[in-house]
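J.:
Numbering (our numbering), first residue to last: 12 to 152.
1. For the beta strand (DSSP E) that contains residue 97, what are its first and last residues?
2. Do residue 38 and residue 64 have their beta-carbon atoms positioned less than 8 angstroms apart in this structure?
3. Let me check understanding here. Comparing Cα to Cα, which of 60, 69, 44 and 31 lies closest to residue 101?
4. Apart from the five residues on each side of it in sequence, which residues of its chain come closer than 6 angstroms, Cβ to Cβ, to residue 27?
5. Entirely within the stretch 30-116 and at least 3 residues each: give me those beta strand (DSSP E) ranges in chain order.
6. Going by C-alpha to C-alpha distance, which of 42, 25, 82 and 12 sits closest to residue 31?
7. Run through DSSP, which three-state label would residue 18 get?
8. Measure the CB-CB distance between residue 104 and residue 97 and report whether it falls below 8 angstroms.
9. To the nearest angstrom, report how far apart residue 110 and residue 21 are at their CA atoms.
10. Does the separation of the CB atoms of residue 56 and residue 78 fall below 8 angstroms?
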C-alpha cells in the first residue's frame with residue numbers, strides 16, 4: 012500500500028492511497044485530505060469527498076467521507092453519491108454497467124435491510140479491527 016501525504020502546518024494528512032496485487036490496482040483520493048484524527052480531541056469529525064478508481068476499463072465512483080474520533084477508535088464512513096462510472100468505451104461494457112443492478116443502483120444498495128443515508132449518518136456498529144472501523148454505504152469491514 013502506498014500513501015501520499017500532505018503537510019498541513021506540521022500535521023500530515025492522507026491525500027491519496029494506492030493498493031495493488033501486481034495485476035490490478037485501486038486508488039483512493041480525498042479532497043480535502045484526511046487528517047490524522049488520533050491527535051484530535053474526542054468527538055472530532057472531518058468530512059470531505061472521495062474518488063475510488065481502478066483499472067483503466069473498470070472506472071470510478073465518487074462520494075462523501077467522514078472521519079470521527081471516538082476515544083481510542085476512529086470511524087471512517089464512505090458514502091457513494093453517484094453510480095459507478097465505467098471508462099470503457101465499448102458499448103457492450105457500458106450496457107452491462109447500465110443494466111446490472113449492483114452498478115445501476117449502487118447508491119441505493121442497502122446493508123442488512125438498512126438504506127444508506129445521504130446525510131452521512133453512521134451505520135449500526137459492526138465488528139472492527141482494533142482501534143478502527145471502516146464503513147461504506149455497501150459493506151463493513
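A virtual CB, placed ideally from N, CA and C, is assigned to each residue, including glycine.
T.: Once the coordinates are examined:
1. Neither: residue 97 is in no beta strand (DSSP E) and is coded neither H nor E.
2. yes
3. 69
4. 15 and 40
5. 36-46, 56-64, 71-81 and 84-91
6. 12
7. strand
8. yes
9. 48 angstroms
10. yes
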